[in-house]
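S.K.: Residue numbers (numbering that gives the first Met the number 0): 0 to 165. All C-beta atoms in this analysis are idealised placements derived from N, C-alpha and C, irrespective of residue type, glycine included.
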Amino acid sequence: MQQREAYMKIAIQAAMDSSKNGGVAIGAVLVDAATGEVVATGGSQVRISKDPTAHAEITAIRTAAKLRSTDDLSGLILFSTLEPCHMCLSAAAWARVPQIFFGAYRKNVDETLFDIKGDFSDEQEGKRMNLRENLTMKVSGGVLEAECAELLATYHEPPKHAFKIA
Ligand SMILES: [Zn+2]
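What follows is the structure, encoded as structure tokens:
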């Protein structure tokens, strides 16, 4: 389905915008499943806003909910350049988003880039979330995988703080 790639390209653009503004190059877009309308885009705002929860998916969900004046985003499909983390999967579930497409798998982007390693939220994870009754969130990855992974090729985690309790 070519449409998926077209929407992922919009998410990639949001990722590049985030990167240009000093953020991490991860982007997301929410699309109206019935009309194909792009409702909201979002880039990672974590570094920009100094907000650890401001992942690209969360940013897009917040914008879409505000624009639509509802917390029910059950008509929207979420695209993300990177395999969503559990926080974002949860946020999508609470927003009733029925389907997520992502680009790069975390395990295929350099594992050392992220604190949490390995299979983070594989395609089965959506089914395991079970936060809402009657919601079976479909999650599938690999849409424009190479381009989405390439976005993070130059990303480096900031140095870690030593944690010590005297
Ligand atoms: Zn996330």
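(1) With hydrogens ignored, establish whether the beta-carbon of M7 is closer than 7 Å to any heavy atom of ligand 1.
(2) What does the alpha-carbon distance come out to for the pair K137 and A92?
(3) Where does L72 sit, in a helix, a strand or coil, going by DSSP?
(4) I need the straight-line Cα distance from A103 to A148, nearest angstrom please.
(5) Please give me, in chain order, every unbroken run of the alpha helix (DSSP H) with length at least 4 that falls completely inside the region 29-76.
(6) Would you tell me roughly how many angstroms separate the C-alpha atoms of R3 and F101, rounded to the nearest one?
(7) Is there contact between the region 65-82 and the region 44-51, where contact requires at least three CB pairs shorter than 8 Å?
(8) Kindly list the residues whose CB is nearer than 8 Å to the CB of A33, restricted to its own chain and excluding five residues on each side of it in sequence; keep chain order.
(9) What would DSSP say about M0, mapped onto helix, strand or coil?
(10) Taking C-beta to C-beta, are A90 and T62 nearer than 8 Å?
(11) Between which residues of its own chain and S17 is the CB-CB distance below 8 Å, once the five residues before and five after are set aside?
(12) Heavy atom of ligand 1 less than 7 Å from the Cβ of P83, yes or no?
M.R.: Answer, in terms of the structure:
(1) Looking up residue 7 in the sequence shown gives position 8. For ligand 1, not one heavy atom lies less than 7 Å from the Cβ of M7.
(2) As a first step, residue 137 must be located in the sequence shown, where it is residue number 138. As a first step, residue 92 must be located in the sequence shown, where it is residue number 93. In a straight line, the C-alpha of K137 is about 10 Å away from that of A92.
(3) Counting from one through the sequence shown, the residue named residue 72 turns up at place 73. It is coil, neither helix nor strand.
(4) Start at 1 with the first residue of the sequence shown, and residue 103 comes out as number 104. Start at 1 with the first residue of the sequence shown, and residue 148 comes out as number 149. For A103 and A148, the gap between their C-alpha atoms comes out near 5 Å.
(5) Look at the region 29-76 and you find these whole runs of alpha helix (DSSP H), each 4 residues long or longer: 45-48 and 55-67.
(6) Taking the sequence shown and counting its residues from 1, one reaches residue 3 at position 4. Taking the sequence shown and counting its residues from 1, one reaches residue 101 at position 102. Approximately 10 Å, taken between the alpha carbons.
(7) With a cut-off of 8 Å, the region 44-51 and the region 65-82 do not count as touching, because too few Cβ pairs lie within range.
(8) The residue labelled residue 33 in the question sits at position 34 within the sequence shown. The answer, listed in chain order, is G74.
(9) Along the sequence shown, read from residue 1 onward, the residue named residue 0 stands at position 1. Note on M0: pLDDT 48, under 50, position unreliable in the model; the coordinate value appears next. Annotated three-state conformation of M0 is coil, per DSSP.
(10) As a first step, residue 90 is located in the sequence shown; it is residue number 91 there, counting from the start. As a first step, residue 62 is located in the sequence shown; it is residue number 63 there, counting from the start. The Cβ-Cβ distance between A90 and T62 does not fall below 8 Å.
(11) In the sequence shown, counting from the first residue as 1, residue 17 sits at position 18. Around S17: V23, A24, I25, G26, G42, S43, Q44, I47 and A55.
(12) Residue 83 sits at position 84 when you count from the first residue of the sequence shown. Set against 7 Å, the gap from the CB of P83 to the closest heavy atom of ligand 1 is smaller.
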